[in-house]
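The structure appears right after this line, and notes come after that.
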Amino acid sequence: MAIHIPRGTQDILPGEVEKWQLIEQKAKEICDRFQYQEIRTPIFEHTELFLRGVGDTTDVVQKEMYTFEDRGERSLTLRPEGTAAVVRSYVENKMFGYANQPIKLYYMGPMFRYERPQAGRFRQFVQFGVEAIGSTDPAIDAEVIALAMTFYKEMGLKKLKLVINSLGDKESRGAHRDALIAHFKPRIGEFCSDCQSRLEKNPMRILDCKKDREHELMKTAPSILDYLNEESKTYFEKVQRYLQDLDIEFVVDPNLVRGLDYYTHTAFEIMSDAEGFGAITTLCGGGRYNGLTEDIGGPEAPGIGFAFSIERLIAALAAEKVELDLKSSIDCYLVALGDEAKDYTVGLLQKLRNAGFSADRDYLDRKIKAQFKAADRVNAKYVAVLGEDELKANKINLKSMDTGEQTEINLNTFIEKFIELSGK
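Each number in the numbering used here corresponds to the 1-based position in the sequence shown with 19 added.
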């Protein structure tokens, strides 16, 4: 009986994986420009990290985490998101003591959520994200958003929509929380069971409900923007002004709440307006999380970040019909005729590779025509042909696949001559 891939996962095969490599390289390049450094955290963490960091009222914690006990009866969880793990590392490694502040980091790797698989949504998915920890300057909020927008635009996406909101500070959220409870409580029985359980614990999450989004009370729910204190209001106004200074267009949506409990002040999503992209339009989400470091046992260290799914990005590129430049080539393909020549190319191939060239040869004992076709398929810049007569004369024929020019080269000086011809 054949063993199949688990539901909600995917194999990324040669021919497709090159897209991923290009995306990853572009993300790293842009992070280098913005001076964000890479961090790598474990794929699994202690479950308590996500209970305290993400929030026990969230769908992620209540419904989606892959949690298990190890042989020491410790509860561990495959990471469902990246921020909590990065902040845990920030605290544990005392990065708050580093001379250069804020700490600006990026990460890339698999995340795991038990969700119903659908277009653009997997149970194992790859996230790229950035975190800037240690500053309360609203300019860093604008920088983080600018980094995300720069990446998407340089990838070739044009139909983008940036939506922002303020969730306020603790005082503002408390006042808004009371207003939401008063608004929904008289008719909470008309809402789904999730919303009913959220009413007292985290009523703002009701606004994020997919089942009851059309309920009339949703349309008249109190706006967080009406409950921002002066400090929160000023902060949000500065973020908006900085985005305008950066020529980044945005829309303010008071119903944008994001799905995790740690968000404060700025929250944002970048969406695709491309036709045919699908029902889930969000490409990227993020926001500020003042208080998260304290929640997991560290000192006060405000932060902001975002994350996006590479799978979702690839779907958006396809929807906008963006063609990525995936042309690849190798420096040299060795074509051999006769057993002795084939034997000789084994060592010659390694010499090319040792000299820093990408090179390959035939391993299927194909005829010369088929070997040349193989060289074409891998887009070889040069083909070196070695037959029995050439081997006896200690020569090899090198053909440029671009110009068709052929050169006969002494085998003893082939590597040196190839270096000269290739310009390396």
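Note that the Cβ used here is the ideal one computed from N, Cα and C, for glycine as well.
Bear in mind that the values here come from a model prediction, so they are computed numbers and not experimental data.
Check V402 in the structure and name its three-state DSSP category.
Sequence index remark: in the sequence shown, residue 402 carries index 383 (1-based). Here V402 sits in strand by DSSP.
Three or more C-beta pairs under 8 Å: does that hold for the segment 45–62 against the segment 122–129?
With a cut-off of 8 Å, the segment 122–129 and the segment 45–62 count as touching, because enough Cβ pairs lie within range.
Hey, out of A104, A165, W39 and C228, whose CA is closest to R52's CA?
Your numbering for residue 52 matches position 33 in the sequence shown. The residue with the shortest Cα to Cα distance from R52 is A165.
What are the complete beta strand (DSSP E) segments, minimum 3 residues, inside the segment 363–412?
Segments of the beta strand (DSSP E) lying fully in the segment 363–412: 378–380 and 399–405.
By DSSP, does Q56 sit in helix, in strand, or in coil?
By 1-based counting over the sequence shown, the position of residue 56 is 37. If DSSP states are grouped into helix, strand and coil, Q56 belongs with the strands.
Along the chain, where does the alpha helix (DSSP H) that runs through H195 open and close?
Here residue 195 is taken as the residue at index 176 of the sequence shown, counted from 1. Counting along the chain, the alpha helix (DSSP H) containing H195 begins and ends at K189 to F203.
What span of residues does the beta strand (DSSP E) with D350 cover, start to end?
Stepping through the sequence shown from its first residue, residue 350 is reached at position 331. Where D350 is concerned, the enclosing beta strand (DSSP E) stretches over I349 to A355.
Under DSSP, the beta strand (DSSP E) around S328 begins and ends at which residues?
To locate residue 328, count along the sequence shown from 1; it is residue 309. Segment G322 to S328, the beta strand (DSSP E) holding S328.
If the criterion is Cβ atoms closer than 8 Å, does the pair Y246 and G187 meet it?
Your numbering for residue 246 matches position 227 in the sequence shown. Your numbering for residue 187 matches position 168 in the sequence shown. Contact flag set, yes.
Could you tell me whether the segment 159–178 touches the segment 209–226, using the rule of 3 or more Cβ pairs below 8 Å?
As far as the Cβ criterion goes, the segment 159–178 does not touch the segment 209–226, which means the pair count is below three.
Which value, in whole angstroms, describes the spacing of the CA atoms of S328 and L70?
Translated into positions along the sequence shown, residue 328 becomes position 309. Translated into positions along the sequence shown, residue 70 becomes position 51. Their Cα atoms are separated by approximately 22 Å.
Taking a contact to mean a Cβ-Cβ separation below 8 Å, would you say K113 touches I333 in this structure?
Walking along the sequence shown from the start, residue 113 turns up at place 94. Walking along the sequence shown from the start, residue 333 turns up at place 314. Contact flag unset, no.
Between the beta-carbon of A403 and the beta-carbon of L343, is there less than 8 Å?
Residue numbering aside, residue 403 sits at position 384 when the sequence shown is read from its first letter. Residue numbering aside, residue 343 sits at position 324 when the sequence shown is read from its first letter. Result no, Cβ atoms of A403 and L343 do not sit closer than 8 Å.
Whose C-beta lies closer than 6 Å to the C-beta of T300 among residues of the same chain, with five residues either side of it excluded?
For the purposes of this step, residue 300 is taken as residue 281 along the sequence shown, with counting starting at 1. So the qualifying residues of the chain are M290 and S291.
With DSSP run on the structure shown, which of helix, strand or coil describes R140?
For the purposes of this step, residue 140 is taken as the residue at position 121 of the sequence shown. R140: strand per DSSP, three-state reduction.
Residues bridged to R307 by DSSP?
On the sequence shown, residue 307 is found 288 positions in, with the first residue counted as 1. According to DSSP, which records beta bridges pairwise, R307 is partnered with T283 and I323.
On the criterion of 16 or more Cβ atoms from any shown chain inside 10 Å, does Q259 qualify as buried, or is it exposed?
Within the sequence shown, residue 259 is the residue found at index 240, counting from 1. Per the 10 Å Cβ criterion, buried.
Could you tell me whether the Cβ atoms of R98 and I315 are closer together than 8 Å?
For the purposes of this step, residue 98 is taken as residue 79 along the sequence shown, with counting starting at 1. For the purposes of this step, residue 315 is taken as residue 296 along the sequence shown, with counting starting at 1. Against a cut-off of 8 Å, the Cβ pair of I315 and R98 comes out as no contact.
Any C-beta of chain D sitting closer than 8 Å to the C-beta of F141?
Absent here is chain D; the protein component of the structure consists of one chain.
Using the DSSP secondary-structure output, state which residues sit across from E64 in a beta bridge.
In the sequence shown, the residue the question calls residue 64 occupies position 45. Answer by DSSP bridge pairing, in chain order: T96.
Under a three-way DSSP split, which group does K346 fall into?
Against the sequence shown, residue 346 aligns to sequence position 327. It is coil, neither helix nor strand.
Mind checking which residues open and close the alpha helix (DSSP H) that includes I164?
Locating residue 164 in the sequence shown gives position 145, counting from the first residue. Residues P157 to E173.
Classify M168: buried if its beta carbon has 16 or more other beta carbons within 10 angstroms, exposed otherwise.
For the purposes of this step, residue 168 is taken as residue 149 along the sequence shown, with counting starting at 1. Buried.
Evaluate Y109 with the Cβ neighbour count: other Cβ atoms within 10 Å of its Cβ, from every protein chain shown; 16 or more gives buried, anything less gives exposed.
As a working mapping, residue 109 is identified with position 90 in the sequence shown. Buried is the call here.
Mapping the DSSP letters down to three states, classify N431 as helix, strand or coil.
Residue mapping note: residue 431 aligns to position 412 of the sequence shown, counting from 1. In this structure, N431 counts as helix in the three-state DSSP scheme.
What would DSSP say about S216, mapped onto helix, strand or coil?
Position 197 of the sequence shown holds residue 216. S216: helix per DSSP, three-state reduction.
What residues in its chain sit with their C-beta under 7 Å from that of A293, if we drop five residues either side in the sequence?
The count along the sequence shown starts at 1 and reaches residue 293 at position 274. K178, A335, A338 and E339.
Using CA atoms only, rank isn't needed, just tell me which of H284, S242, L262 and Y261 is closest to P273.
Position 254 of the sequence shown, counting from 1, holds the residue named residue 273. The residue with the shortest Cα to Cα distance from P273 is S242.
So, under 8 Å CB-CB, F141 and G27 are touching, yes? Tell me the CB distance rounded to an integer number of Å.
Working through the sequence shown from its first residue, we reach residue 141 at position 122. Working through the sequence shown from its first residue, we reach residue 27 at position 8. About 5 Å separates the two Cβ atoms, so the contact holds.
Looking only at C-alpha atoms, which of E111, Y382 and I159 sits nearest to G357?
Here residue 357 refers to the residue found at position 338 of the sequence shown. Measuring from the Cα of G357, the nearest candidate turns out to be Y382.
Are T96 and Y308 close, meaning C-beta to C-beta below 8 Å?
On the sequence shown, residue 96 is found 77 positions in, with the first residue counted as 1. On the sequence shown, residue 308 is found 289 positions in, with the first residue counted as 1. The answer is no: Cβ separation not under 8 Å.
Please name the residue in K229, K230, E233 and A201 whose C-alpha comes closest to that of L218.
Position 199 of the sequence shown holds residue 218. It is A201 whose Cα lies nearest to the Cα of L218.
Quick check: the segment 358–367 against the segment 399–414, are at least 3 beta-carbon pairs closer than 8 Å?
Result yes; three or more Cβ-Cβ pairs closer than 8 Å.
Hey, how far is the Cα of V105 from the Cα of L262?
As a working mapping, residue 105 is identified with position 86 in the sequence shown. As a working mapping, residue 262 is identified with position 243 in the sequence shown. Rounded to the nearest angstrom, the two C-alpha atoms are 26 Å apart.
Measuring alpha carbon to alpha carbon, tell me which of G295, D231 and N429 ends up nearest I207.
As a working note, residue 207 is residue 188 in the sequence shown. With distances taken between Cα atoms, I207 lies closest to D231.
Do you know whose CA, among K252, D408, C351 and E330, lies nearest K189's CA?
Indexing the sequence shown from 1 puts residue 189 at position 170. Cα-wise, what sits closest to K189 is K252.
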